[in-house]
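Student:
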Amino acid sequence: MRYFGRYWIWFASGSVFLVATSVLGLMIPRQLGAAVELLRVASEAGAPVDMAAIGSLAWLVVALAVGACVARIVSRVLIFYAGRLIEYDVRNELFGSLTRLDPAWYQRQSTGDLTSRIINDVNNVRVLYGFSTLNLVNTAVTYTVVLSLMFSVSPRLTWLSLAPYPIIILTMRLFTRALYLRTHAAQERLSDISTHAQEAIAGVAVVRAFGMERVISERFRAAGDRYVDANLRLAVVRGALFPFVASIGSIGGLIILYAGGRMVIGASITLGEFVEFSAYITALAWPTAGLGWALTVWQRGTASFDRLMHILATRPAVADGEDTLAPARLHDDAFRQPVTFEDVGLVWEDGTEALRGVTLTLPAGSVTAVVGRTGAGKSSLVSLLARLRDPTSGVIRVGDVPLTRFPLRRLRASIGYVPQDPLLFSRSIRENIRFGELARQHDARGENGERAGAGRLRLEDATRIAHLDEAVTSFADGLETLVGERGVTLSGGQKQRVTIARAVLLDPDILVLDDALSSVDTETERTILEELLTIMEGRTTVLVTHRFNALHLVDQVVVLDEGQVVEQGTHHELLARGGVYAQMVERQQLEEALSA
Amino acid sequence: MRGYNAASANTPRKRGQADADGLGTYRDGELARRLLAYLRPYRWPLIGALVTLPLVSGLSLLQPHLIQVAIDNHFVPRQLDGFGVIALVFLGTIVGEFCLRFAQTWLTQLAGERALRDLRSAVFDHMQRLRVSFFQRNPTGRLMTRLTSDVDAIQEAISSGVVTIIGDVITLSAIVVILLLKSPTLALVTFAVVPVLWAVTALFRYLLREAYRRSRTALARLNSHLQESVTGMTVIQLFAHEERSRDEYRRINRDYLRSAFSFVRWDAMLYAMVEMIGSITIALIIWYGAGESTRDLITLGVLVAFIEYAQKFFVPIRDLSQKYATIQGAMASAERLLQLLDRDELIPEDDDALPITELRDGIEFRGVWFAYHDEQWVLRDISFRIGAGERVALVGHTGAGKSTLHGLLTRMYDVQRGAILIDGVDIRRYRVADLRRLFAVVLQDGFLFTGDLRSNVVLGDPTVDDAQIRRAASIVELDRVLDRHPDGLDHRIRERGSNLSAGERQLVCFARALAHRPRILILDEATANIDTETEALIQAAIERMLVRQTSLVVAHRLSTIQRCDRIVVLHHGELAEQGTHQELMQQGGLYHKLVRLQYATVAAE
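First to last, the protein sequences are chains Y and G. Under my numbering, the first residue of the first sequence is numbered 5, with each subsequent residue one higher. Under my numbering, the first residue of the second sequence is numbered 10, with each subsequent residue one higher.
As structure tokens, this is what we get:
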């Protein structure tokens with residue numbers, strides 16, 4: 005509960021004002037009682053009423069009402085603001101954690117599920133700190149004030165009118181539990197409906213082909229029936245709960261009417277006290293009703309809170325450690341060294357082997373192509389370079405330094421990575437291309453308070469190298485065109501070219517292209533590659549590819565199969581050898597001949 | 010060509026394009042009328058609920074009057090006789106109110122839930138009749154929203170607002186009448202507060218709604234930033250963009266915080282001021298009532314009763330605008346649902362469509378042209394025949410139009426030029442259901458439904474019995490798989506068959522096709538890589554499936570192709586060659602190249 009500690013002053017002062025609200029508000033019935041008593045005494049005596057006294061009572065009520073109003077506003081604002089501030093902090097901290105967690109962690113969660121879970125949990129936490137806290141404090145305060153006032157009027161009547169309260173509180177507890185359980189049950193039925201609908205939509209081809217329309221409609225209707233049943237079970241609780249809450253006040257009223265009435269007639273209390281007492285018991289009704297609800301919400305909130313704290317406490321598997329080199333000790337050309345894989349192995353969590361005993365050197369400034377069948381381990385191999393995950397066994401070095409000793413962000417900032425999946429963000433094309441550059445500028449501004457110097461390459465160069473200029477000029481808004489749902493939908497090839505420009509603009513020491521040109525036609529692929537290799541002169545480049553037309557341009561070709569290096573050499577050497585590589589090349593040439 | 014044309018089949022209707030924002034298509038009256046039509050079958054419970062409304066109001070308003078009587082007839086004169094009766098009546102009103110309110114909620118829900126289930130089913134059924142192309146245009150998520158959130162919004166309005174709003178109006182008018190009867194002058198003084206209350210509520214509701222809207226927008230941005238960041242976290246980390254993403258998130262979060270603050274502020278003010286106005290009304294009643302009572306115009310009991318009534322007056326006024334907003338939300342949802350219901354991209358079927366149960370002669374593609382969009386032809390002038398009992402293999406590179414061809418045969422789409430004939434009759438003349446029953450289709454990605462193995466083979470067809478399932482299972486050797494799972498045909502299938510291997514899923518789909526005893530089998534061979542053992546299993550299954558079975562096979566493997574009687578080679582949407590394996594190999598054309606490619610692949614792997 006460290007957040008309560010952080011904002012304790014808000015909660016504490018909010019509670020003080022809550023007490024003030026109760027005290028001021030609950031002084032009103034006493035004035036009301038006094039006024040009634042004045043009137044009764046006057047009418048019994050047949051004397052004129054002291055209108056001045058009545059007038060001052062009325063003004064006192066107004067003053068109390070205004071005071072209570074101000075106190076109520078302040079108390080609610082303080083406590084609810086604190087709840088919102090906590091929500092704000094939790095969100096920021098959570099997001100921070102999420103940016104540090106490694107891809108392997110994300111793979112263990114299912115994305116859609118993760119996001120909606122977080123959104124839902126943060127909501128529950130907000131309600132926990134705002135609504136729930138306010139209600140619990142309010143209930144405690146109201147009870148204390150009301151009870152002491154009631155006792156001061158008549159202890160006997162107080163005990164009598166409180167008699168049903170244990171039962172009421174217990175019943176409320178049962179009600180809210182039943183309400184929670186049945187709401188949950190109804191929600192599960194609703195998710196059945198979703199599943200049915202989802203399947204009917206996703207499997208529409210099968211549904212049509214086998215003429216299942218009627219069957220599936222019947223199933224949907226049956227699921228709907230079950231949902232109706234669950235909802236009607238819920239309606240029983242809801243239907244009883246709300247009138248029950250409404251009658252809490254009335255039951256108190258009845259007791260006071262009967263018992264209190266007899267006391268008035270027996271002259272052990274006055275009529276004014278009777279009226280005053282009625283108002284007190286009314287004031288208890290809502291806090292009593294809200295108590296059960298606040299407790300349920302509290303339970304749900306703490307469960308959500310625990311889940312969120314669990315994420316906050318998770319340590320990323322890939323992170324800087326104690327033996328990480330100080331950034332100052334890194335030379336400018338720290339990454340312009342040969343990269344060596346020494347007996348590298350990678351095993352997935354389910355036990356399947358992605359890479360086995362890979363030993364490989366990427367000479368500084370060379371271009372290496374990695375080829376092989378789907379699932380051969382090509383992407384896994386290059387992902388190790390940027391430490392998206394660390395190898396299970398073996399070491400990767402840049403120069404003499406193991407990859408794990410470089411500061412993580414420095415390492416990644418030196419690598420231009422074009423991932424297989426051309427993921428873009430829903431911003432303008434310009435911002436997507438400048439994604440890494442903007443991050444660099446941002447960090448530099450934070451550290452030095454000044455803008456970082458522009459890189460060797462300009463935006464125009466990057467777009468030209470990636471062959472984006474033509475596509476960009478075809479959009480009305482050019483580089484400012486928004487990508488994604490609210491903007492244009494780029495074709496697969498266009499997206500890939502944006503991701504290439506994004507990597508190139510960083511002017512990286514190491515460039516990784518993970519099957520980055522698969523949606524680009526052969527002709528463009530070749531020209532893009534040629535340009536890339538020109539600007540990458542003197543830097544190390546690794547490219548994963550399924551096409552072989554341009555591979556005579558690279559320095560070495562590595563053939564992977566089932567996670568192992570099976571062939572290695574130049575394009576021409578491997579062709580001459582007539583092995584796996586030569587067969588793949590031949591097959592592709594045939595394919596091209598066919599689809600031409 | 011009896012009115013089959015490209016325009017009616019493939020252009021989305023104008024109305025559909027308004028779908029994204031989509032409001033304002035219907036007038037409120039029409040909307041209400043069409044919604045009420047769904048309530049009609051459940052009118053009796055609804056009428057019952059309506060009857061309880063004035064009763065509930067009456068009972069609840071009787072209570073202050075009872076207090077008044079108690080004060081005037083018993084407390085002031087200190088008269089105990091008959092006081093017990095008043096207490097009993099009071100108890101009666103409490104119990105009565107409780108029961109009636111319960112009945113009211115229950116009856117409303119009964120009618121509302123059932124009506125909404127009908128509406129939901131109607132939308133679902135309608136979707137079952139829409140063309141396949143509709144589903145390709147509309148993302149699953151959006152259609153799901155219609156069936157869940159939109160229906161729920163209406164449900165929410167029904168269970169919380171609509172009916173009680175009538176009750177509120179009854180209560181309010183009753184209080185006005187009662188107060189005027191008890192004391193016209195004091196009533197008017199009390200009502201003087203109402204405009205103030207109304208104005209305060211309206212003002213703060215307006216401010217609240219604005220703040221709420223801003224906080225919703227900020228929250229939506231916050232959540233979509235989160236969603237996008239989680240999806241693209243690898244890229245963010247690769248480009249060392251974490252700091253900047255965090256700052257962006259913090260900035261949106263701060264906007265959200267600010268709007269949330271103003272929401273909290275207005276909400277606190279609304280709540281507190283309504284309470285304050287309530288207390289001030291009491292002061293007003295005391296002050297003015299005291300004067301009235303000294304002039305003997307009202308009794309003390311009336312004065313106390315007035316205070317009670319005034320409090321009952323406040324709650325409905327406070328809640329009215331809230332309920333109105335809920336109703337508006339429901340109307341927007343209702344509109345989106347009705348729009349979906351009014352889509353009429355159905356598969357055309359003649360009124361006097363012909364029945365068909367058997368394939369006698371064969372299938373003929375006669376000069377078939379087809380395009381998904383405008384004039385981008387996927388198939389051009391395709392003509393060939395599949396005789397009864399014949400097995401035809403469709404061969405060609407990716408995108409040659411092979412899958413489109415069988416989609417046309419089962420009328421997932423309709424041809425744009427030319428015709429497909431079965432036994433000499435255009436397939437568009439047959440009943441769609443009958444036509445589809447002739448075929449069994451095995452698609453590349455074997456879609457499985459949640460349920461068990463049996464239901465996935467039967468697919469709801471009552472004519473498929475267990476014996477048939479077992480025979481089909483043994484032909485494709487699914488029985489070996491069944492033996493591995495102790496519960497056999499009752500084996501549970503999780504969503505999308507995720508608890509079966511890809512190979513097992515294929516076999517289930519094979520069994521499914523055979524169990525329906527198709528006249529024509531359509532097999533779209535999977536291209537995906539599976540391990541060699543499963544591959545052998547599937548090959549063997551295909552071999553046995555094709556024995557004495559009229560089939561159209563979209564084939565990728567040479568072994569499958571060779572098992573067919575005739576081969577049709579498609580190239581860029583045109584028919585390039587056809588003939589037997591030997592004939593085509595001798596021609597040395599496209600097929601010859603494909604076969605060489607196939608062997609190269611086999612060698613490479």
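In this text, a Cβ means the ideal position worked out from N, Cα and C, and glycines have one as well.
Rank G/Tyr381, G/Arg394 and G/Leu71 by C-alpha distance to the C-alpha of arginine 146 of chain G and give the top, closest one.
Tutor: Comparing Cα positions, the closest option is G/Tyr381.
Student: Tell me, please, which residues DSSP counts as bridged to tryptophan 386 of chain G.
Tutor: Answer is G/Ala380, bridged to tryptophan 386 of chain G.
Student: Within 10 Å of its beta-carbon, does leucine 22 of chain Y have 16 or more other beta-carbons around it, so buried, or fewer, so exposed?
Tutor: Per the 10 Å Cβ criterion, buried.
Student: Where threonine 559 of chain G and isoleucine 395 of chain G are concerned, what is the direct C-alpha to C-alpha distance, given to the nearest angstrom?
Tutor: Threonine 559 of chain G and isoleucine 395 of chain G: Cα-Cα distance of roughly 8 angstroms.
Student: Could you compute how far the alpha carbon of leucine 128 of chain G sits from the alpha carbon of aspartate 134 of chain G?
Tutor: Taking the straight line joining both Cα atoms gives about 10 angstroms.
Student: Using a Cβ cut-off of 8 angstroms, pull out every chain Y residue sitting near phenylalanine 448 of chain G, in sequence order please.
Tutor: Per Cβ cutoff of 8 angstroms: Ala213.
Student: Roughly how many angstroms lie between the CA atoms of leucine 64 of chain Y and glycine 287 of chain G, to the nearest whole one?
Tutor: Cα-Cα distance, rounded: 14 angstroms.
Student: With H, G and I counted as helix, E and B as strand and the rest as coil, what does DSSP make of threonine 335 of chain G?
Tutor: The answer is helix: DSSP assigns threonine 335 of chain G an H, G or I state.
Student: Under 7 angstroms Cβ-Cβ, which residues of chain Y neighbour valine 244 of chain G?
Tutor: Pro423 and Leu427, listed in chain order.
Student: Would you identify the three-state DSSP class for serine 120 of chain Y, choosing helix, strand or coil?
Tutor: Serine 120 of chain Y: helix per DSSP, three-state reduction.
Student: Comparing alpha-carbon positions, which option in Y/Val94, Y/Arg44 and Y/Phe224 lies nearest threonine 630 of chain Y?
Tutor: Look at the range of chain Y in this structure, 5 to 600, and you will see that residue 630 of chain Y is not part of it.
Student: Return helix, strand or coil for glycine 361 of chain Y, following the three-state DSSP convention.
Tutor: Of the three classes helix, strand and coil, the one that applies to glycine 361 of chain Y here is strand, per DSSP.
Student: Taking only runs that begin and end inside the segment 478-557 of chain Y, name each unbroken alpha helix (DSSP H) of 4 or more residues, in chain order.
Tutor: Qualifying alpha helix (DSSP H) stretches, in chain order: 496-508 and 526-539.
Student: Is the beta carbon of serine 26 of chain Y less than 8 angstroms from the beta carbon of threonine 146 of chain Y?
Tutor: Their beta carbons are under 8 angstroms apart, which means serine 26 of chain Y touches threonine 146 of chain Y by this criterion.
Student: Taking DSSP as the reference, what is the three-state secondary structure of glutamate 326 of chain Y?
Tutor: Of the three classes helix, strand and coil, the one that applies to glutamate 326 of chain Y here is coil, per DSSP.
Student: Do tyrosine 7 of chain Y and aspartate 93 of chain Y have their C-beta atoms closer together than 8 angstroms?
Tutor: Yes, these two residues count as a Cβ contact at 8 angstroms.
Student: So which of Y/Ala69, Y/Ile90 and Y/Gly376 has the shortest CA-CA distance to glutamate 566 of chain Y?
Tutor: Nearest of Y/Ala69, Y/Ile90 and Y/Gly376 to glutamate 566 of chain Y, Cα basis: Y/Gly376.
Student: Name the chain G residues whose beta carbon is nearer than 9 angstroms to that of leucine 138 of chain Y?
Tutor: Going along chain G, no residue has its Cβ under 9 angstroms from leucine 138 of chain Y, so there is no contact; the nearest lies around 10 angstroms.
Student: Taking the straight line between their C-alpha atoms, what separation do you get for glycine 31 of chain G and valine 313 of chain G?
Tutor: Its pLDDT being 47, under 50, glycine 31 of chain G is placed unreliably in this model, and the value from its coordinates should be taken loosely. Roughly 53 angstroms between the two C-alpha positions.
Student: Step through the CB atoms of chain Y and report whether any lies within less than 8 angstroms of the CB of aspartate 423 of chain G.
Tutor: Aspartate 423 of chain G does not count as touching chain Y.
Student: Can you tell me where the beta strand (DSSP E) with serine 560 of chain G in it begins and where it stops?
Tutor: Serine 560 of chain G -> beta strand (DSSP E) spans 560-563.
Student: Could you list which residues in chain G have their beta carbon closer than 9 angstroms to that of threonine 199 of chain Y, in chain order?
Tutor: Within chain G, the residues near threonine 199 of chain Y are Thr459 and Glu504.
Student: Phenylalanine 410 of chain Y by DSSP, collapsed to three states: which one?
Tutor: Coil.
Student: Short of 7 angstroms Cβ to Cβ, which residues in the segment 392-423 of chain Y face chain G?
Tutor: Within the segment 392-423 of chain Y, the residues whose Cβ lies closer than 7 angstroms to some Cβ of chain G are Leu392, Arg413, Arg416, Ala417, Tyr421 and Pro423, listed in chain order.
Student: Check whether the Cβ atoms of arginine 193 of chain Y and alanine 234 of chain Y sit closer than 8 angstroms, and answer yes or no.
Tutor: Cβ distance < 8 angstroms, so arginine 193 of chain Y and alanine 234 of chain Y count as in contact.
Student: Can you confirm whether phenylalanine 456 of chain G, when its beta carbon is compared against all beta carbons of chain Y, has any partner nearer than 8 angstroms?
Tutor: Yes, its Cβ sits closer than 8 angstroms to a Cβ of chain Y.
Student: Using 8 angstroms as the threshold, is the C-beta distance between valine 322 of chain Y and aspartate 394 of chain Y below it?
Tutor: Result yes, Cβ atoms of valine 322 of chain Y and aspartate 394 of chain Y sit closer than 8 angstroms.
Student: Just curious, the alpha helix (DSSP H) that valine 78 of chain G is in, first and last residue?
Tutor: Its alpha helix (DSSP H) spans residues 52-78.
Student: Can you give the Cα-Cα distance for phenylalanine 15 of chain Y and arginine 401 of chain Y, rounded to whole angstroms?
Tutor: Distance between the alpha carbons of phenylalanine 15 of chain Y and arginine 401 of chain Y: 54 angstroms.
Student: Using only the alpha-carbon positions, how far apart do glutamate 596 of chain Y and alanine 554 of chain Y sit?
Tutor: Their Cα atoms are separated by approximately 14 angstroms.
Student: Please work out which residues of its chain come closer than 7 angstroms, Cβ to Cβ, to arginine 327 of chain G, disregarding the five sequence neighbours upstream and downstream, and give them in chain order.
Tutor: Within the same chain, arginine 327 of chain G has close Cβ partners Thr210 and Val283.
Student: Taking 8 angstroms as the cut-off, decide whether the C-beta atoms of valine 362 of chain Y and valine 569 of chain Y are in contact.
Tutor: Closer than 8 angstroms, so yes.
Student: Between the alpha carbons of leucine 510 of chain Y and aspartate 256 of chain G, how many angstroms are there, rounded?
Tutor: Distance between the alpha carbons of leucine 510 of chain Y and aspartate 256 of chain G: 21 angstroms.
Student: Would you say glutamine 303 of chain Y lies against chain G (beta-carbon separation less than 8 angstroms)?
Tutor: No - not a single Cβ of chain G is within 8 angstroms of the one on glutamine 303 of chain Y.
Student: When DSSP labels each residue in this structure, what does alanine 209 of chain Y get in the three-state scheme?
Tutor: Three-state result, alanine 209 of chain Y: helix.
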